[in-house]
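In this note's numbering, the protein residues as written are 2 to 289. For glycine and all other residues, C-beta sits at the position ideal for the given N, C-alpha and C. Keep in mind the model is a prediction, meaning the values are calculated, not measured. Here's the structure, in structure tokens; my notes come after.
Okay, here's the thing in structure tokens:
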């Protein structure tokens, strides 16, 4: 296979790895592009396994990037959420890295995150992980084990089909935009938590709203806003492994909403409004 065709075939997997390491679509694309530039400058005859070389290079570039990313998180205004990744509805998810798990990965050290993703998600052996992150295989095994313990609670425990998820998402969208508070309450779990990421760029709650009373109080306020500034649905979508929808809100603000569903009720709501995190969705919204 020609080098450019080989890279094109490998690129989606590399983007997924970099995105799960960094939580940013744009940063993931930059890292993968840098890996390609390094490949173009390298002596190809000396590289026995190009796929492994690319995985190692992308992983190490991500590890370098994570230190600056951590500093950005510390200075971030309000709630931080990963950039929304919209999945192809015609294909099955390649893994179970949903948005809650990505948030849990943020609490890991860079090496723990790399070891966990490479071994548990991308199926690499610990010898291969050792080559990728430059640590002994035994150390990689310990890193992955520690990571597994930290993220266990964020692993999906209750699965819903795409059809069930879309039905609940559609019901939630309709009820919230109509201001049907009774219907909204019937869809929510008692311990529901709502997160909204505006990044200080657009209005959003500065802290998570915890519990059904807090979330309902916010929706009572939003009902007034939706009456004066209607929300336009772009489409329903699978966002970071969760059912949800893309909308255009008052003032032309693009927004994604994804829902964690547990035992038939919405247990978490994740809203991304920061325009810096939604640039990659502009083409999708322009088409509708």
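- Residue 257 places its beta carbon less than 9 angstroms from that of residue 282.
- Taking a 10 Å sphere around the C-beta of residue 175, we find fewer than 16 other C-beta atoms and assign the residue as exposed.
- Within the same chain, 200 and 202 come within 7 angstroms of residue 277 by CB-CB distance, once the 5 residues on both sides are set aside.
- The Cβ atoms of residue 148 and residue 113 lie closer than 9 angstroms to each other.
- Setting aside the 5 residues that flank it on each side, residue 173 is surrounded in the same chain by 188, each with a C-beta closer than 6 angstroms to its C-beta; the list follows chain order.
- When C-beta atoms of the region 48 to 66 are compared with those of the region 28 to 38, three or more pairs fall below 8 angstroms, so the two segments count as touching.
- In the structure shown, residue 115 adopts helical secondary structure according to DSSP, grouped into three states.
- DSSP places residue 246 in the uninterrupted beta strand (DSSP E) bounded by 243 to 250.
- Taking the Cβ atoms as the reference, residue 190 lies roughly 16 angstroms from residue 245, outside the contact range of under 8 angstroms.
- Around the beta carbon of residue 42, fewer than 16 other beta carbons sit within 10 angstroms, so the residue counts as exposed.
- For residue 210, the pairing in a beta bridge is given by DSSP as 195.
- For a cut-off of 8 angstroms, the C-beta gap from residue 254 to residue 236 is around 16 angstroms, too long to register as a contact.
- The beta-carbon separation of residue 207 and residue 24, rounded to 20 angstroms, does not stay under the 8 angstroms limit for a contact.
- Contact between residue 87 and residue 238 is confirmed by a C-beta separation of about 5 angstroms, below the 8 angstroms threshold.
- By the neighbour-count criterion, in which 16 or more other beta carbons inside 10 Å mark a residue as buried, residue 221 falls on the exposed side.
- Between the region 99 to 118 and the region 134 to 153, the count of Cβ pairs shorter than 8 angstroms is three or higher; the stretches touch.
- In its chain, beyond the 5 residues on either side, 105, 108 and 109 have a beta carbon closer than 7 angstroms to the beta carbon of residue 151.
- Boundaries of the beta strand (DSSP E) harbouring residue 254: 254 to 263, taken from the DSSP string.
- The residues 198, 199, 200 and 202, in chain order, have a CB closer than 6 angstroms to that of residue 275 in the same chain once the five nearest residues on each side in sequence are set aside.
- Counting of Cβ neighbours within 10 angstroms places residue 120 among the buried residues, the total reaching 16 or more.
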